[in-house]
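Sequence positions in the sequence shown follow the working numbering and run 82 to 265. From the three backbone atoms N, C-alpha and C, an ideal C-beta is built for every residue, glycine too.
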Amino acid sequence: MTSSVRDDYARMARGCESTLIATARRLVRDDDRVLDLVQEALVRGYEAFRAGKFVAGGKPCAWLARILTNHFINEWRREKKWGAGVTVEDVTAGGEIGPEATRTASADMLLLEATLEEPLEKALAELPDALRLTVILVDMQELSYQEAAERLSVPVGTIRSRLARARFQLAERLQVWGRERGLV
């Protein structure tokens, strides 16, 4: 291993710390678990980077965030199968994974997003585990139904029904929030 590879990875990873922390916080609320997930993603990312799996010109933060999310899902599956420890009980809301610079939005949309962030996170936190994780994968990380089904080891139809139920429940909760504030 050359110091050049290590230095290149360190430079890349430093620029992605805030994205990784934000991604981990969307998955778990416990600060120790957040740091564990970030550390594991960085270690796995380095191994993959050293093996030449990062495509030059790609989006490093999105790539590392995907590694983090995949690790979380694998842990969740393993614990679900064996019945202990890690759950998705603490999965919360979040936005798109990837560099924020790739997002374009009007000032009105940015204000709306900022206003809705807390109630959306609360509404997502109230969803059952399976529904919450499905929303995160499909709506926030923009995986296809097929990709989400493969990640969660369920049929595509299950993803569709979970997503429909989750969106309905989220809409109900956000309407209540809007009515309480005279917005609806």
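If you ignore the 5 residues before and after Val119, its C-beta comes within less than 8 angstroms of the C-beta of Glu98, Leu101, Ile102, Ala105 and Leu149, all in its own chain and listed in chain order. Contact annotation: the region 250-263 does not touch the region 225-237, with fewer than three C-beta pairs closer than 8 angstroms. For Leu224, there is no enclosing alpha helix (DSSP H), since its DSSP letter is neither H nor E.
Taking a 10 Å sphere around the C-beta of Phe249, we find fewer than 16 other C-beta atoms and assign the residue as exposed. For Ser99, the uninterrupted alpha helix (DSSP H) segment begins and ends at Glu98 to Leu108.
Rounded to the nearest whole angstrom, the CA to CA distance from Pro209 to Ser84 is 46 angstroms. Taking Arg110 as reference, the option from Glu231, Glu202 and Asp88 with the minimal CA-CA separation is Glu202. Leu218 and Arg232 do touch by the CB rule: their CB atoms are close to 6 angstroms apart, below 8 angstroms. Taking the CA atoms as reference points, Met221 sits about 18 angstroms from Asn155. Taking each of Asp89, Asp113, Pro236 and Arg262 in turn and checking the Cα distance to Ala137, the smallest one comes out for Asp89. In the assembly as shown, Pro141 is a buried residue. Its beta-carbon has 16 or more other beta-carbons within 10 Å.
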